[in-house]
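Below: the structure, in structure tokens.
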Amino acid sequence: MLTDTGDDWRRISPKYLALELVSIAIFGLVTVGGATLLAVNTSWGQTFGWIAPAVFTVVTVIMLAVAPRRVRALGYRLRPDDLLFRRGIMFHRVVAVPYGRMQLIDINRGPIDRMFGLAELKFVTAAASTGVTLPGLPVAEADALRDHLVSLAESRRSGL
Amino acid sequence: MTSEGEWKRLHPATPLLRGGIAFIAVLGFILASFRERIVETAVGSPDVDNFVVEIYERGQLGWALGIVITVLLIGVAAFTLSWRMHLYRINAEAVEVKSGILFRTNRKARLDRIQDIVITRPTLARLFGAARLELSVAGQDSTVQLSYLRGGEVEKLRQEILRLAGGPPPADPATEKTRDRPADPAVPAGSLVNIPTARLVGSILLRWSTVGFLLLIGALITGTVLDEGLTFALLLVPVILGGLGYFYSHFTSSLRFSIVGSSDGVRIGYGLFTVSNETLPPGRIHAVEVFQRVLWRPLGWWSVRINRAGHGPHHARSKESAIVLPVGRVADVERVLALLLPGSAALAAPGAIRAGLLGSGRMNGPPDSTGGIEFVAAPVRAFWLRPLSWRRTAFAVSADAVLIRQGGPSRSFVVVPLARLQSLDFRQGPVRRCLGLAQLRLHTVPGPIACVVGIPTADDAHTAFAAISAAMVETTAEEPTAEEPTAEQIGAAR
Numbered sequence: 001m002l003t004d005t006g007d008d009w010r011r012i013s014p015k016y017l018a019l020e021l022v023s024i025a026i027f028g029l030v031t032v033g034g035a036t037l038l039a040v041n042t043s044w045g046q047t048f049g050w051i052a053p054a055v056f057t058v059v060t061v062i063m064l065a066v067a068p069r070r071v072r073a074l075g076y077r078l079r080p081d082d083l084l085f086r087r088g089i090m091f092h093r094v095v096a097v098p099y100g101r102m103q104l105i106d107i108n109r110g111p112i113d114r115m116f117g118l119a120e121l122k123f124v125t126a127a128a129s130t131g132v133t134l135p136g137l138p139v140a141e142a143d144a145l146r147d148h149l150v151s152l153a154e155s156r157r158s159g160l
Numbered sequence: 161m162t163s164e165g166e167w168k169r170l171h172p173a174t175p176l177l178r179g180g181i182a183f184i185a186v187l188g189f190i191l192a193s194f195r196e197r198i199v200e201t202a203v204g205s206p207d208v209d210n211f212v213v214e215i216y217e218r219g220q221l222g223w224a225l226g227i228v229i230t231v232l233l234i235g236v237a238a239f240t241l242s243w244r245m246h247l248y249r250i251n252a253e254a255v256e257v258k259s260g261i262l263f264r265t266n267r268k269a270r271l272d273r274i275q276d277i278v279i280t281r282p283t284l285a286r287l288f289g290a291a292r293l294e295l296s297v298a299g300q301d302s303t304v305q306l307s308y309l310r311g312g313e314v315e316k317l318r319q320e321i322l323r324l325a326g327g328p329p330p331a332d333p334a335t336e337k338t339r340d341r342p343a344d345p346a347v348p349a350g351s352l353v354n355i356p357t358a359r360l361v362g363s364i365l366l367r368w369s370t371v372g373f374l375l376l377i378g379a380l381i382t383g384t385v386l387d388e389g390l391t392f393a394l395l396l397v398p399v400i401l402g403g404l405g406y407f408y409s410h411f412t413s414s415l416r417f418s419i420v421g422s423s424d425g426v427r428i429g430y431g432l433f434t435v436s437n438e439t440l441p442p443g444r445i446h447a448v449e450v451f452q453r454v455l456w457r458p459l460g461w462w463s464v465r466i467n468r469a470g471h472g473p474h475h476a477r478s479k480e481s482a483i484v485l486p487v488g489r490v491a492d493v494e495r496v497l498a499l500l501l502p503g504s505a506a507l508a509a510p511g512a513i514r515a516g517l518l519g520s521g522r523m524n525g526p527p528d529s530t531g532g533i534e535f536v537a538a539p540v541r542a543f544w545l546r547p548l549s550w551r552r553t554a555f556a557v558s559a560d561a562v563l564i565r566q567g568g569p570s571r572s573f574v575v576v577p578l579a580r581l582q583s584l585d586f587r588q589g590p591v592r593r594c595l596g597l598a599q600l601r602l603h604t605v606p607g608p609i610a611c612v613v614g615i616p617t618a619d620d621a622h623t624a625f626a627a628i629s630a631a632m633v634e635t636t637a638e639e640p641t642a643e644e645p646t647a648e649q650i651g652a653a654r
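So the sequences go chain by chain: E and G. Residue numbering for the first sequence follows my numbering, starting at 1 and increasing by one per position. Residue numbering for the second sequence follows my numbering, starting at 161 and increasing by one per position.
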């Protein structure tokens, strides 16, 4: 029920995979590059310095390898009265937020998001721990989804 | 009663109580130090020319004196002015406070959003018959503070605010009558729970912090004996003083505890010197935890605390403020829970509270006594995650609440009303997947209680996820906010 990936789960944009790969590549370049520079230039780096670049390289490669599955695991589902959100394969997580509990909805667009024409939707309830952020939505879809959710929340509002 | 929309001032002693005391102390110190010279200048030479010459001749000391006196005068003037500028008013919709001289602030809190009301009477303020009134609405740093007000006025104001605030409609039609609030709510006399002083002292002493304190003192004494120097002995004094201060403040702030249910909410009072009185309007409680410290177990003592949306930074006991029952027996706990969550079918089920407090995996109490509340126990394989407490860990889902039973040697029982639950989170990491377990997190407003069903089987967690998310939606649908028209009503009005 929670783990099935039937048709009623909506996926995020496939472009988000490219975005993830780019951000992981940037992360890899910065960390491996920085660590390599340290290894080359410092005196203690001569002996132990190559451990750090090696570790960062392995981490980056693993992240790149896992990224497609992680992106595929991200999804949401609009049920009649609440929103389901799921993410993660290794650390699987499913969150249910009734529309009436939503306090506000944010749309964030970082520089890389803008390059790909994507946006990130964030749902905020009165509980700080809800933490539902839905990345990788095409801008038009994000706007439409936000308006839809706001109108749903409006009609099902409950006081705190 | 306060007439609507009229701006009012605070207690005239306010500047004094809010820091003016320090000014008076400084003034007093200066007057005492320079008494003779001041008398000399005042009596001996009343001539203005002479006074100026005196100051000039005394050089820097004279100038310093002049500056200090000027600063004091300006300070007193500023405090008085700020008191004159500090105004509040209450009307049918909101409480409004205006303050500030250079930087004006205007804070307005909607009455139907008020989460709780605290009246505090610090020792000094009590001398002047003044009290502080704090209104919390949900969110960070969102208190409206009226400090200080006249003693008689505070009580009237509290009643007025609560009458206007109303509070959300109760979840159960059985308690519907409380919606038609009388203008002057009848408060039943006497507390629901009386804490004998001996039990209060015992409850404060029987904690791990006491054990740690005694160990520290023991270590220091051993050190003194072995070392034969004064180093450890000198450390001993501040440690003992600090420890005693900690226990003393705990003790005095929990003394004279009372909890009373009234038609406008739950009233909790405590404190010996600084007296606090708190009112929680109905339906403001997001989670309740009944917990038992390890050392309390032989005595059967429990404590109750809550999660709620508003908590001001100036709360009398900021960390402890979530505690609504410092210590009590099972019968006391049952009464307090019934007061905090009136009309909860889950808690009304006979034996449900006892099963939650005292039950264990194998023993849910006699099956007929739980009255339909079925605790789902954790499986044996959960031993690997919680070796001490897996046997006790269990949860139950009823139509209006989730009950969580947990805890190893120390025990805890959490009740989360579904009508206040914000969202529901199902989690499964690699370890739990290997064991066929999962975790359910119930998100409420931030507070001391983490509502987590830690180690159910994955199947149980799936079933519960479906049940809770459906029930959560139903309780939302049942409770439209009375004050705000729904979208359909707005549409109809057009």
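Just so you know, even glycine gets a beta-carbon here, dropped at the ideal spot from N, CA and C. Just so we're clear, the structure is a prediction, and the values are computed from it rather than from any experiment.
Could you check if residue i is buried or exposed, using at least 16 other CB atoms within 10 Å of its CB as the buried criterion?
i	result
residue 308 (chain G)	buried
residue 544 (chain G)	exposed
residue 9 (chain E)	exposed
residue 41 (chain E)	exposed
residue 151 (chain E)	exposed
residue 123 (chain E)	buried
residue 166 (chain G)	exposed
residue 145 (chain E)	buried
residue 473 (chain G)	Summary for residue 473 (chain G): the model assigns pLDDT 43, below 50, so the residue's position carries little reliability; its value from the coordinates is reported in the next sentence. The residue in question, residue 473 (chain G), is exposed, as its Cβ has fewer than 16 Cβ neighbours within 10 Å.
residue 502 (chain G)	buried
residue 147 (chain E)	exposed
residue 408 (chain G)	exposed
residue 230 (chain G)	exposed
Here's a check: name, in chain order, each residue in its chain whose Cβ is nearer than 7 Å to the Cβ of residue i, leaving out the five neighbours to either side.
i	result
residue 20 (chain E)	67 and 71
residue 254 (chain G)	268, 269, 270 and 271
residue 275 (chain G)	296, 297, 298, 444, 468, 469 and 470
residue 632 (chain G)	578, 581 and 584
residue 49 (chain E)	38, 39 and 42
Leaving out five residues before and five after residue i in sequence, what residues of the same chain have Cβ atoms less than 6 Å from its Cβ?
i	result
residue 35 (chain E)	52, 53 and 56
residue 466 (chain G)	445, 448, 482 and 484
residue 292 (chain G)	280, 307 and 308
residue 143 (chain E)	none
residue 427 (chain G)	420 and 439
With DSSP as the reference, label residue i as helix, strand or coil.
i	result
residue 184 (chain G)	helix
residue 555 (chain G)	strand
residue 253 (chain G)	coil
residue 362 (chain G)	helix
residue 410 (chain G)	helix
residue 142 (chain E)	helix
residue 420 (chain G)	strand
residue 27 (chain E)	helix
residue 469 (chain G)	coil
residue 504 (chain G)	coil
residue 354 (chain G)	coil
residue 154 (chain E)	helix
residue 538 (chain G)	coil
Against chain G, with Cβ distances strictly below 8 Å, would residue i count as a contact?
i	result
residue 146 (chain E)	no
residue 101 (chain E)	yes
residue 90 (chain E)	yes
residue 98 (chain E)	yes
residue 82 (chain E)	yes
residue 129 (chain E)	yes
residue 125 (chain E)	yes
residue 150 (chain E)	no
residue 93 (chain E)	yes
Beta-carbon within less than 8 Å of residue i's beta-carbon, same chain only, minus the 5 sequence neighbours each way: which residues are those?
i	result
residue 156 (chain E)	81, 98, 99 and 100
residue 73 (chain E)	86, 87, 88, 89 and 92
residue 149 (chain E)	83, 99, 102, 105 and 123
Is any beta-carbon of chain A found at less than 8 Å from that of residue i?
i	result
residue 589 (chain G)	Among the protein chains in the structure shown, which are E and G, there is no chain A.
Looking at chain E, is there any beta carbon in it that lies within less than 8 Å of the beta carbon of residue i?
i	result
residue 504 (chain G)	no
residue 617 (chain G)	no
residue 604 (chain G)	yes
residue 585 (chain G)	yes
residue 629 (chain G)	yes
residue 298 (chain G)	yes
Using 8 Å for Cβ pairs, my map puts residue i next to residue j. What's the rounded Cβ distance?
i	j	result
residue 168 (chain G)	residue 249 (chain G)	6 Å
residue 399 (chain G)	residue 376 (chain G)	6 Å
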